[in-house]
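Working notes, beginning with the structure itself.
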Amino acid sequence: MGANASAYPQSCPPRVGGDPQAQQTFIGTSSYSQQGYGCESKLYSLDHGHEKPQDKKKRTSGLATLKKKFIKRRKSTRSADHAKQMRELLSGWDVRDVNALVEEYEGTSALKELSLQASLARPEARTLQRDMADLYEYKYCTDVDLIFQETCFPAHRAILAARCPFFKTLLSSSPEYGAEIMMDINTAGIDTPMFSTLLHYLYTGEFGMDDSRFQNVDILVQLSEEFGTPNSLDVDMRGLFEHMCYYDVVLSFPSDSELVEAFGGNQNCLDEELKAHKAVISARSPFFRNLLQRRIRTGEEITERTLKTPTRIILDESIIPKKYAKVILHCMYTDVVDLSVLHCSPSVGSLGEVQALVAGKPGMTKAEEAMELYHIALFLEFNMLAQGCEDVIAESISLDTLVAVLKWSSHPYGSKWVHRQALHFLCEEFPQVMTSDVFYELSKDHLLAAIQSDYLQSQTY
Numbered sequence: 056m057g058a059n060a061s062a063y064p065q066s067c068p069p070r071v072g073g074d075p076q077a078q079q080t081f082i083g084t085s086s087y088s089q090q091g092y093g094c095e096s097k098l099y100s101l102d103h104g105h106e107k108p109q110d111k112k113k114r115t116s117g118l119a120t121l122k123k124k125f126i127k128r129r130k131s132t133r134s135a136d137h138a139k140q141m142r143e144l145l146s147g148w149d150v151r152d153v154n155a156l157v158e159e160y161e162g163t164s165a166l167k168e169l170s171l172q173a174s175l176a177r178p179e180a181r182t183l184q185r186d187m188a189d190l191y192e193y194k195y196c197t198d199v200d201l202i203f204q205e206t207c208f209p210a211h212r213a214i215l216a217a218r219c220p221f222f223k224t225l226l227s228s229s230p231e232y233g234a235e236i237m238m239d240i241n242t243a244g245i246d247t248p249m250f251s252t253l254l255h256y257l258y259t260g261e262f263g264m265d266d267s268r269f270q271n272v273d274i275l276v277q278l279s280e281e282f283g284t285p286n287s288l289d290v291d292m293r294g295l296f297e298h299m300c301y302y303d304v305v306l307s308f309p310s311d312s313e314l315v316e317a318f319g320g321n322q323n324c325l326d327e328e329l330k331a332h333k334a335v336i337s338a339r340s341p342f343f344r345n346l347l348q349r350r351i352r353t354g355e356e357i358t359e360r361t362l363k364t365p366t367r368i369i370l371d372e373s374i375i376p377k378k379y380a381k382v383i384l385h386c387m388y389t390d391v392v393d394l395s396v397l398h399c400s401p402s403v404g405s406l407g408e409v410q411a412l413v414a415g416k417p418g419m420t421k422a423e424e425a426m427e428l429y430h431i432a433l434f435l436e437f438n439m440l441a442q443g444c445e446d447v448i449a450e451s452i453s454l455d456t457l458v459a460v461l462k463w464s465s466h467p468y469g470s471k472w473v474h475r476q477a478l479h480f481l482c483e484e485f486p487q488v489m490t491s492d493v494f495y496e497l498s499k500d501h502l503l504a505a506i507q508s509d510y511l512q513s514q515t516y
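Mind the numbering: the sequence shown is residues 56 to 516 in my numbering, read in order.
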């Protein structure tokens, strides 16, 4: 086991200048270094001069307070008196050797911090803003063409209507799919590159090019007066999710009819359709993007557009349970994993849930739901959702959930990032683990990993 810097002495460098008689080097535990700890023994106070009576009185009172704290700590935790042990260990040491030991502990502490930061590192997930930028660039599932100065700009009416009052009014007059809309902009000086930049801003919330003309306050004021001032991208996308204006796709499951029968033929359980926008789901998930592009190639898209019906995507509930569908869609529009959606919308249940209730099986914990949703996120190639689930699982780690999280994350289908966080928790809380039943449930591999760690927290009794 390696050294744990948080439980070992720290040093305060001697002051430079001033009265040389007042210069001292103090060595004490990190928990008490701010309280004048250790001024009684030569090991903790190496004086280079005579001390004043008032200093002696102050030192004595500080030591009495410190003794009380140590006594209280021993009674509450029954731990060894580490301060006494350090005094006995260092009683015959030279000051330079003590300083070298302190530097060693400080170096170990720095290495521990680096190790912690390394364990927290993971690939950066694609954000909503980044995926919206790609949506504008690659034109997935566009449904309207804007014509400006004889140049065609394929776009998505739902995005433009949600982001800009000007386009919301303009597009309402041409609701048909693939409509060509001639753009007439009153603001002077707007050319094709600037118009493209404006559209990019509506999709991402930031300008995609460095154009000095956008530094001109007068032009920005004129554009805001003509187009309106949009909210932040997060606010408008959340509004789009809540209201689903111009939705063009519906997610359905083959078990819906069975679910109706389970509720005694009550159709209310299907009232809340899982509506969405092709633009958003294709931008956030390569799985949905490939699925929609395949429908276009086979001609199914043309039939649906002719009939003016939304595309219906039937999902296999054995792979994507229906109860998670709304959580997935919510994350696609907001970049937030909100598992509370599972428990506040009973109409979006699944046949599996009904069967589990009938069989009397206990409900899943939040961590277990996040584990199941994590696998779905990997299937959809939706990294933002996957990392959000990892965060939920990591936040749930406690003595009660440690064994389950370690077992799940150890499997090939588990999360290596979560496994590192669980092992870190095991090392940090090892004294508590040893005194609980959790210790006997840990596998040999997990115990070895903890014991072999250079930063295992230990405690003597």
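Think of the CB as a built atom: it goes at the ideal place given N, C-alpha and C, for glycine as much as any other residue. Quick caveat, the model's predicted, so the values are computed rather than measured.
Range covered by the alpha helix (DSSP H) that runs through residue i
i: V150; result: 150-175
i: T284; result: Element bounds for T284: n/a, residue is neither H nor E.
i: Q140; result: 137-145
i: L511; result: Unbroken run through L511: none, as it is neither H nor E.
i: F343; result: 341-353
i: F296; result: 288-298
i: P248; result: 247-259
i: F434; result: 421-435
i: Y388; result: 380-389
i: A243; result: That residue, A243, is in no alpha helix (DSSP H); it is neither H nor E in DSSP.
i: E372; result: Here E372 belongs to no alpha helix (DSSP H), and DSSP marks it neither H nor E.
i: A188; result: 183-193
Beta-carbon gap between residue i and residue j smaller than 8 Å
i: V473; j: L394; result: no
i: I431; j: I506; result: no
i: E483; j: Q442; result: no
i: L428; j: Y379; result: yes
i: G244; j: I274; result: yes
i: R293; j: D186; result: no
i: L190; j: Y258; result: yes
i: E436; j: P341; result: yes
i: E335; j: M419; result: Per the sequence shown, residue 335 should be read as Val rather than Glu. No. Outside cutoff.
i: H479; j: L183; result: no
i: L440; j: I383; result: yes
i: L288; j: T242; result: no
i: E445; j: S465; result: no
i: Q487; j: I452; result: no
i: A188; j: L295; result: no
i: Y195; j: R360; result: no
i: V153; j: L145; result: yes
i: K381; j: V396; result: yes
i: N438; j: A165; result: no
i: E281; j: I240; result: yes
i: Y468; j: K167; result: no
i: F208; j: L254; result: yes
i: V391; j: H385; result: yes
i: W463; j: M426; result: yes
Beta bridge counterpart(s) of residue i as assigned by DSSP
i: P209; result: D200
i: T366; result: V304
Start-to-end residues for the beta strand (DSSP E) that takes in residue i
i: T224; result: Where T224 is concerned, there is no enclosing beta strand (DSSP E), although the alpha helix (DSSP H) it sits in stretches over 220-227.
i: E235; result: 234-237
i: K330; result: 329-331
Chain D contact for residue i (CB, 8 Å cutoff)
i: V460; result: Of the protein chains in this structure there is only one, and it is not chain D.
Proximity test, residue i beta-carbon vs the ligand GDP heavy atom, cut-off 7 Å
i: F342; result: By its list of ligands, the structure shown contains no ligand whatsoever, and the ligand GDP lies outside what it can speak to.
Between the segment 350-367 and the segment 300-307, can you find at least three pairs of beta-carbon atoms closer than 8 Å?
yes
Contained alpha helix (DSSP H) runs [length at least 4] in the segment 444-501, N- to C-terminal order:
457-465, 471-483, 485-489, 493-496
Check whether the segment 175-190 touches the segment 215-224, counting contact only when three or more Cβ pairs, one atom from each stretch, lie closer than 8 Å.
no
Does the structure place the segment 329-345 close enough to the segment 290-302 that three or more beta carbon pairs sit under 8 Å?
yes
Any contact between the segment 179-199 and the segment 230-241? By contact I mean 3 or more CB pairs, one from each, below 8 Å.
yes
Is it a yes or a no for the segment 457-465 touching the segment 494-501, going by three-plus beta-carbon pairs under 8 Å?
yes
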